[in-house]
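*Asks:* I have a structure here, written as structure tokens, and I will follow up with some questions on it.
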Amino acid sequence: AQAASALREERKKHVYQDDAYADMDWDNLGYALNPADYMYVMKCSKDGEFTEGELTPFGNIQLSPSAGVLNYGQAIYEGTKAYRKENGKVLLFRPDHNAVRMQLGAERMLMPSPSVDQFVDAVKQTAFANKRWVPPSGKGSLYIRPLLMGTGPVLGLGPAPEYAFIVYASPVGNYFKEGTAGLNLYVEEEYSRAAPGGSGGVKSITNYAPVLKALSRAKSLGFSDVLYLDSVKKKYLEEASACNVFVVKGRTISTPATNGTILEGLLGRVVEKAVHVDEVMDADEVFCTGTAVGVAPVGTITYQDRRVEYETGDESVCHKLRSVLVGIQTGLVEDTKGWVTCI
Ligand code: COI
26 AQAASALREE RKKHVYQDDA YADMDWDNLG YALNPADYMY VMKCSKDGEF TEGELTPFGN
86 IQLSPSAGVL NYGQAIYEGT KAYRKENGKV LLFRPDHNAV RMQLGAERML MPSPSVDQFV
146 DAVKQTAFAN KRWVPPSGKG SLYIRPLLMG TGPVLGLGPA PEYAFIVYAS PVGNYFKEGT
206 AGLNLYVEEE YSRAAPGGSG GVKSITNYAP VLKALSRAKS LGFSDVLYLD SVKKKYLEEA
266 SACNVFVVKG RTISTPATNG TILEGLLGRV VEKAVHVDEV MDADEVFCTG TAVGVAPVGT
326 ITYQDRRVEY ETGDESVCHK LRSVLVGIQT GLVEDTKGWV TCI
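All residue numbers for the sequence shown refer to full-length UniProt numbering, where the first residue is 26 and numbers rise by one.
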């Protein structure tokens, strides 16, 4: 008990008194894990109640080899970012929306979920405790990863008897090595990301390992990411491995309607409809959006034996949208919609 109380005191000192920046090369942040000091851990016991969580130093966790998450993939995650304002304050972007999306995902994966307040509080505490890891204004962001998983042991297929909600964080720069230059995407026809009735519409961890094969094949051919088509007709656009996709033609911006196979993005939507791959190849502009990716222009798409180039310059919809969004997220543009919270 004495050691625990000493640790708590030490943490308080660190959390509340250390305003300096962590020792990082802020000009060269990529998208690798540089774990911030603290993670938040909240457990859910057999009665389905989440008990009070706490911040603890980032580190390994102990799991039974028969934990539900390890054997049957019962887990979902979220991603949200903290940004540094020019005056040094730290801003969060719509964490309540991540909370709601986690609740929907938990329901699909038969897991109990933290309440919106518990989720938002955990994200705020994690961001605040790791303030020195939020990059200086304009140099990147602190990516915050809330993770909900079945930790209790199972042998037969069934929901885990216990769960953990963990929030950790890492400073990040651009997701793609292209930075803000155009991405080169490849339309995947052999593998599907999701199928009707499956879990593609929620952020289940089980949606991600199955895309690795197509992704790594595309990367080895020099592409940035893969565009998935619907698994039935193989004609309609779904999303990329790590982000949603938008298609611009004239004055219309379209994005595939979410129907259970596409993860509902949090950055915004325009005309939601079925988008045929031929429309994509005929578009003026294509861009990707996601928490990790931000708003990224697509320079080329390759489909079968055709490669099409798209507009990516300063006059593009993508560029304008990105400037406004990043402006709101970093406090440079007025937030008229109440999307930003200062911690
Ligand atoms: C995110 O944008 O937060 C994601 O989950 C994408 C992930 C593949 C990094």
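All residues carry an ideal CB built from backbone N, CA and C; glycine is no exception. Fair warning: this is a prediction, and the values are worked out from it, not measured in the lab.
In the DSSP assignment, find the unbroken beta strand (DSSP E) run with Asn155 in it and report its ends.
*Replies:* Indexing the sequence shown from 1 puts residue 155 at position 130. Unbroken run through Asn155: none, as it is neither H nor E.
*Asks:* Suppose you measure from the CA of Thr231 to the CA of Asn199; what does that come to, to the nearest Å?
*Replies:* For the purposes of this step, residue 231 is taken as the residue at position 206 of the sequence shown. For the purposes of this step, residue 199 is taken as the residue at position 174 of the sequence shown. The alpha-carbon separation between Thr231 and Asn199 amounts to approximately 24 Å.
*Asks:* Alpha helix (DSSP H) containing Arg126: first to last residue?
*Replies:* By 1-based counting over the sequence shown, the position of residue 126 is 101. Looking at the DSSP string, the run of the alpha helix (DSSP H) that includes Arg126 is Pro120 to Arg133.
*Asks:* With DSSP collapsed to three states, give me the class of His39.
*Replies:* As a first step, residue 39 must be located in the sequence shown, where it is residue number 14. Confidence in His39 is poor, its pLDDT being 49 and thus under 50, which makes the residue's placement unreliable; the coordinate value appears in the next sentence. It is helical.
*Asks:* Can we count Ala267 as close to the ligand FMN, meaning its CB is less than 7 Å from some heavy atom?
*Replies:* In the structure shown, the ligand FMN is absent; the only ligands present are the ligand COI.
*Asks:* Suppose you measure from the CA of Thr176 to the CA of Lys345; what does that come to, to the nearest Å?
*Replies:* Residue numbering aside, residue 176 sits at position 151 when the sequence shown is read from its first letter. Residue numbering aside, residue 345 sits at position 320 when the sequence shown is read from its first letter. If I take the Cα positions, the gap works out to 44 Å.
*Asks:* Locate the alpha helix (DSSP H) running through Ser241, then write down its first and last residues.
*Replies:* Position 216 of the sequence shown, counted from the start, is the residue given in the question as residue 241. It spans Leu237 to Ser245 - the alpha helix (DSSP H) in which Ser241 sits, taken as one unbroken run.
*Asks:* How is the alpha helix (DSSP H) around residue 378 delimited, first residue to last?
*Replies:* Only positions 26 to 368 of the chain appear in this structure, which leaves residue 378 out of reach.
*Asks:* Do the CB positions of Ser217 and Ser256 come within less than 8 Å of each other?
*Replies:* Residue mapping note: residue 217 aligns to position 192 of the sequence shown, counting from 1. Residue mapping note: residue 256 aligns to position 231 of the sequence shown, counting from 1. Between Ser217 and Ser256, the gap from beta carbon to beta carbon is short of 8 Å.
*Asks:* Ordered along the chain, which non-local residues of its own chain (more than five positions away) have a Cβ less than 7 Å from that of Pro60?
*Replies:* One-based indexing of the sequence shown puts residue 60 at position 35. For Pro60, where only same-chain residues beyond five positions count, the Cβ hits under 7 Å are Phe83, Tyr193 and Ser195.
*Asks:* Once the 5 residues before and after Gly55 are set aside, which same chain residues still bring their CB inside 8 Å of it?
*Replies:* Here residue 55 is taken as the residue at index 30 of the sequence shown, counted from 1. Once the five neighbours on either side are set aside, the close Cβ partners of Gly55 are Val197, Gly198, Asn199 and Lys202.
*Asks:* Figure out for me which residue from Thr205, Ala265, Gly225 and Arg331 has the closest Cα to the Cα of Pro322.
*Replies:* Start at 1 with the first residue of the sequence shown, and residue 322 comes out as number 297. The shortest C-alpha separation from Pro322 is found at Thr205.
*Asks:* Whose CA, out of Gln128, Gly163 and Gln354, lies closest to the CA of Trp51?
*Replies:* Your numbering for residue 51 matches position 26 in the sequence shown. When only C-alpha atoms are compared, the closest one is Gly163.
*Asks:* Within 10 angstroms of the Cβ of Arg119, are there 16 or more other Cβ atoms? Answer buried if so, exposed if not.
*Replies:* As a position in the sequence shown, residue 119 is number 94, starting the count at 1. Arg119 should be labelled buried.
*Asks:* With respect to the alpha helix (DSSP H) encompassing Gly352, which residues constitute its N-terminal and C-terminal limits?
*Replies:* The count along the sequence shown starts at 1 and reaches residue 352 at position 327. Segment Val342 to Gln354, the alpha helix (DSSP H) holding Gly352.
*Asks:* With which residues is Leu208 paired in a DSSP beta bridge?
*Replies:* Locating residue 208 in the sequence shown gives position 183, where the first residue counts as 1. Partner(s): Val323.
*Asks:* Give the range of the beta strand (DSSP E) segment to which Glu297 is assigned.
*Replies:* Walking along the sequence shown from the start, residue 297 turns up at place 272. Counting along the chain, the beta strand (DSSP E) containing Glu297 begins and ends at Val296 to Lys298.
*Asks:* Return the first residue and the last residue of the beta strand (DSSP E) that Val251 is part of.
*Replies:* Within the sequence shown, numbered from 1, the residue matching residue 251 stands at position 226. First-last of the beta strand (DSSP E) with Val251: Asp250 to Leu254.
*Asks:* Say the cut is 7 Å; is the CB of Ala317 nearer than that to a heavy atom of the ligand COI?
*Replies:* By 1-based counting over the sequence shown, the position of residue 317 is 292. At least one heavy atom of the ligand COI is nearer than 7 Å to the Cβ of Ala317, so yes.
*Asks:* For the putative contact between Thr366 and Leu116, defined by C-beta atoms under 8 Å, what is the C-beta separation to the nearest angstrom?
*Replies:* Locating residue 366 in the sequence shown gives position 341, counting from the first residue. Locating residue 116 in the sequence shown gives position 91, counting from the first residue. Thr366 to Leu116, Cβ: 7 Å. Contact.
*Asks:* Measuring only the C-alpha atoms, how far is Leu357 from Lys110?
*Replies:* For the purposes of this step, residue 357 is identified with residue 332 of the sequence shown, where counting begins at 1. For the purposes of this step, residue 110 is identified with residue 85 of the sequence shown, where counting begins at 1. In a straight line, the C-alpha of Leu357 is about 8 Å away from that of Lys110.
*Asks:* Based on Cα-Cα distance, which residue from Ile287, Asp339, Val179 and Ala45 lies nearest to Pro315?
*Replies:* Position 290 of the sequence shown, counting from 1, holds the residue named residue 315. Note on identity: in this sequence residue 315 is Gly, with Pro being the wrong assignment. Out of Ile287, Asp339, Val179 and Ala45, Ile287 has the C-alpha closest to the C-alpha of Gly315.
*Asks:* Taking just the CA atoms, how far does Gln143 sit from Leu167?
*Replies:* Taking the sequence shown and counting its residues from 1, the one referred to as residue 167 is at position 142. Taking the sequence shown and counting its residues from 1, the one referred to as residue 143 is at position 118. Roughly 20 Å separates the two Cα atoms.
*Asks:* Spatial neighbours of Tyr46 within its chain, please: C-beta separation below 6 Å, excluding the five flanking residues on both sides.
*Replies:* As a first step, residue 46 is located in the sequence shown; it is residue number 21 there, counting from the start. If we look at Tyr46 and ignore the five residues flanking it on each side, its Cβ neighbours are Arg157.
*Asks:* Near His39, which residues of its chain fall below 6 Å by C-beta distance, leaving aside the five closest residues on each side in sequence?
*Replies:* The residue given as residue 39 occupies position 14 in the sequence shown. Its pLDDT being 49, under 50, His39 is placed unreliably by the model, and nothing is read from it.
*Asks:* Helix, strand or coil: how does DSSP classify Ala47 here?
*Replies:* The residue given as residue 47 occupies position 22 in the sequence shown. In the three-state reduction of the DSSP assignment, Ala47 falls in the coil class.
*Asks:* At what residues does the alpha helix (DSSP H) containing Glu359 begin and finish?
*Replies:* To locate residue 359, count along the sequence shown from 1; it is residue 334. Looking at the DSSP string, Glu359 is not in any alpha helix (DSSP H), and its letter there is neither H nor E.
*Asks:* In this structure, how does DSSP classify Met136 when only helix, strand and coil are distinguished?
*Replies:* Here the question's residue 136 lines up with position 111 in the sequence shown. Met136 falls in the coil class under three-state DSSP.
*Asks:* Considering only residues of the same chain and omitting the five flanking positions on each side of Pro221, which have a CB-CB separation below 8 Å?
*Replies:* Indexing the sequence shown from 1 puts residue 221 at position 196. Answer for Pro221: Ser256, Val257, Asn284, Gly285 and Thr286, listed in chain order.
*Asks:* Between Glu79 and Gln150, what straight-line distance do the alpha-carbon atoms span, to the nearest angstrom?
*Replies:* The residue you call residue 79 lines up with position 54 of the sequence shown. The residue you call residue 150 lines up with position 125 of the sequence shown. Cα to Cα, Glu79 sits roughly 9 Å from Gln150.
*Asks:* I'd like to know if the region 129-137 and the region 206-213 are in contact, where contact means that at least 3 CB-CB pairs between them fall below 8 Å.
*Replies:* no
*Asks:* Expressed to the nearest angstrom, what Euclidean distance is found between the alpha-carbon atoms of Ala57 and Asn85?
*Replies:* Working through the sequence shown from its first residue, we reach residue 57 at position 32. Working through the sequence shown from its first residue, we reach residue 85 at position 60. Cα to Cα, Ala57 sits roughly 17 Å from Asn85.
*Asks:* Helix, strand or coil, according to DSSP, for Ala107 in the structure here?
*Replies:* Your numbering for residue 107 matches position 82 in the sequence shown. In this structure, Ala107 counts as strand in the three-state DSSP scheme.
*Asks:* Over what stretch of residues does the alpha helix (DSSP H) that includes Val257 continue unbroken?
*Replies:* Within the sequence shown, residue 257 is the residue found at index 232, counting from 1. Counting along the chain, Val257 falls outside any alpha helix (DSSP H), and DSSP gives it neither H nor E.
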